[in-house]
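Under the UniProt record's numbering, residues 1 to 626 are what the sequence shown spells out, in order.
Cβ coordinates follow ideal geometry from the N, Cα and C atoms, glycine included.
The structure presented is a predicted model; accordingly, all values stated were derived computationally and were not measured.
Accompanying notes for the structure given below.
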Amino acid sequence: MHPSLSLENVLQLAPTERILAISAVHGSGLALLEIFDLVSDPEFRLQELLAPVFFANLDPSGIPRQLSDIHPDVDIDSPIARAVASLRSLPIHSAVDGSVIFAEEALPDMWPRVWRWIRWLDKHGGRLALSSLDSYSLYCEVISTLHTHTDTRKLIYDTPGVRVVMARAWATFVGKRCTPERAGYVGLCRFLLEDTPSYDTIQELVQGAGGSQPDLAKLMVAHLKLFIPRHDVPISNETSTLIRPVVQLFKTINSTVEEWNSELFSQGLVRALVFIMRSSALPSSGEDNDAMVDDCFIILIRLLMLTRQHKHIADALEAGLLHAIVLSPPTATLSVQCLLTLVLPLATAYYSVLHKIRTGLEEVKDITRSSDFWASDKYKFWTQFMEVVEHRLEVLRRYEQGDWLSGRHCDNLDCGKRMRTAEQSRCSGCGTSYYCSKECQTRDWQEGGHRKVCARLKILLLDDPETVSARDRSFMWALAHFDYLTNKPSLYVKRISAMNKYPGEVVFSVLDYTSGAVEPGVRVLKALPPSEVTPAFQALWEEGVARAARSGGRIHLVLLRIPEGRACRSRLLNMQSDTSAINDGLEAIARSIPNLDTLDSKHSALIGPKIQALLRQDGCNANVDF
């Protein structure tokens, strides 16, 4: 035991104080309260001589051993009341030099007694007339006080169960929406900030938060939202102290458990992270938040890459992600690069994402036009991002204005009319076939074979995630139709090459959006990998191939590869012509070139004019590029 905790020190007090101290040591609760008032008096200069009194009243031998010994109304002289009063003495600081009344070297001897009482009070406090909020605030203040001493800090962190109590305190503070003025809350955050998380320590936090990973996730997100509820709340140095440890904890817990991540999304962690990043950039915010902002970017990217769901990306954009990106510190450049060149471009095939990008661009236009932004490292990644976005925004503008036809044709082969969105009537059975009129739908049902496949096609609609809205799907058709027309010259060249190499086989085009910018290509049905056609997509694919065959060359299949989560969803677009002239012309060109391996510039003079003529016939004025 450290000498400063010896009762012999009490003998150095003046007679009046000495009598009080001895009475308190022998169980007088009233005397102990007077001692407590004495150490709180700024005029009193001998606080350290009273440390043995509180140490004695924390003797764990006073802990009740039977539940029958616990009474709601605690007597002032009871060991419980005296232990609580002694715990309250620990955070008291000397008015002389600001130090606590206990010598730092004595704190390792204090901890075992302090912990045994805190653990017991936490377990049985509900049987006592004690406020849970005040009690947890006291526990956190006490632990934070002892935590300042290096050796004691190690003892605390090595104590099993201490994080359970701290997490229960945390849940209480958040539930009561406590402010930083509550000292225990600040103490808790300091404890979390200097902790070294491991599997076992995190499990203790889980236990204290409610018993499950989602409970801890909910608590952590609620903590961030409590202090940064909006994007325009400045982050003071004090606020930074409160949120930094939780951000670090999120960064440490790299969990792939579905329940954990699902709770993070449902509780709004994506928005909370963006708000922190935006608030940190406010002129009125404190300094030295760059490291925390970097961590927020890393956590956000990890979440978005984990699921790659466009819905979560849309949430981040709605919260102001583009604003956070353009004002990000230089230290976050790698994260900005990842977002601008990988995460965001892959989601721009979705209307729900693209229209939020448009809103965000309007909000940051003044910043992105500044010379400071142009000179930043992030500018080159921004320009790469805008190359994809500007093209998609033009499609979005035309899509919303309705000044062009959609990519859909009437599914009655005897009609094949390309329809505007307002003209489309969808089959209520399968939800995948569209018609320009009731008459065409009836004819396709009775004579076109739709009756045989309608039920199978319904599987595809049921397989579509709820997060993909009807407008998302409609915009995809418009985007694919636009990209097909834009890339028609190169696709014609590739179709000729495939027809030459695989005569008589079904050749179809591919528009691949899984890398952000569209990658047009051509494939042959016999060479299609099995993984490309999922079971849910199989019915639509087989029907599409059969319809293309029945059309006699009027329908050309276009396979769309759309990013969806961490996978890719295949969708089918039918490019339909009034006649088979285009397909027949491409086949004729393919037959006219013997032993063709690849088409290159040497074939330009031979077949270039023929392809150009077909393009003109198909309404395309672009030039062929070999």
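- A direct Cα-Cα distance of roughly 12 Å separates T486 from L615.
- About 15 Å separates the beta carbons of L192 and V221, which is beyond the 8 Å limit, so they are not a contact pair.
- With contacts defined as CB atoms closer than 8 Å, I313 and L354 fail to qualify as a contacting pair.
- Closest by C-alpha distance to P52, out of I35, Q66, P64, R443, is I35.
- Under the three-state reduction of DSSP, G29 is assigned to helix.
- Selection W260, E204, C189 evaluated against V247 yields C189 as nearest (Cα-Cα).
- P594 counts as exposed, since fewer than 16 other beta carbons sit within 10 angstroms of its beta carbon.
- For V343, there is no enclosing alpha helix (DSSP H), since its DSSP letter is neither H nor E.
- DSSP places Q576 in the uninterrupted beta strand (DSSP E) bounded by 567–576.
- For H2, the three-state secondary structure derived from DSSP is coil.
- Restricted to the stretch 52–139, the alpha helix (DSSP H) segments that are unbroken, complete and at least 4 residues in length are 79–89, 107–124, listed in chain order.
- Counting along the chain, S509 sits inside no alpha helix (DSSP H); it lies in the beta strand (DSSP E) bounded by residues 507–512.
- The three-state secondary structure of Y484, taken from DSSP, is helix.
- For K365, the number of other beta carbons within 10 angstroms of its own is below 16, and it is reported as exposed.
- A residue is called buried when at least 16 other Cβ atoms come within 10 angstroms of its Cβ; D483 meets this threshold and is buried.
- Linking R45 to W115 through their CA atoms gives a straight-line distance of about 28 Å.
- Each of V74, Y399, R18 was checked against the Cα of G29, and the nearest Cα belongs to V74.
- In this structure, R547 keeps its C-beta atom at 8 Å or more from the C-beta atom of L560.
- Residue burial annotation: T348 is buried, with at least 16 other C-beta atoms found within 10 angstroms of its C-beta.
- Closest in alpha carbon position to A319, among L58, C178, V270, is V270.
- Within the same chain, and ignoring the five residues on either side of G125 in sequence, the residues whose Cβ sits closer than 6 Å to its Cβ are S135.
- Here T239 is buried: its Cβ has 16 or more other Cβ atoms, across all protein chains shown, within 10 Å.
- Under the DSSP definition of a beta bridge, H409 partners with R418.
- When DSSP assignments are scanned along the stretch 296–325, the uninterrupted stretches of alpha helix (DSSP H) that are 4 or more residues long and fall wholly within it turn out to be 310–319.
- For the 8 Å CB-CB criterion, V162 and L90 do not form a contact.
- Pairwise C-beta distances place the stretch 101–111 in contact with the stretch 1–11, as three or more of them are shorter than 8 Å.
- Contact annotation, I562 with Y513: C-beta distance approximately 5 Å; criterion of less than 8 Å satisfied.
- With fewer than 16 other CB atoms across the displayed protein chains lying within 10 angstroms of its CB, H26 is exposed.
- With fewer than 16 other beta carbons inside 10 angstroms of its own, P42 counts as exposed.
- Boundaries cannot be given for V233, as no alpha helix (DSSP H) includes it and DSSP labels it neither H nor E.
- Between L573 and W477 a beta carbon distance of about 6 Å is seen, short of the 8 Å cut, so the two are scored as contacting.
- According to the DSSP assignment, P563 belongs to the beta strand (DSSP E) that extends over 555–564.
- Cβ-Cβ separation between N583 and G608: approximately 19 Å, too far for a contact (criterion under 8 Å).
- Under the three-state reduction of DSSP output, P330 falls in the helix class.
- Secondary structure note for G187: its alpha helix (DSSP H) is the uninterrupted segment 183–194.
- Spatial neighbours of K417 in its own chain (CB-CB distance under 7 Å, excluding positions within 5 residues in sequence) are listed in chain order as H409, C410, C436.
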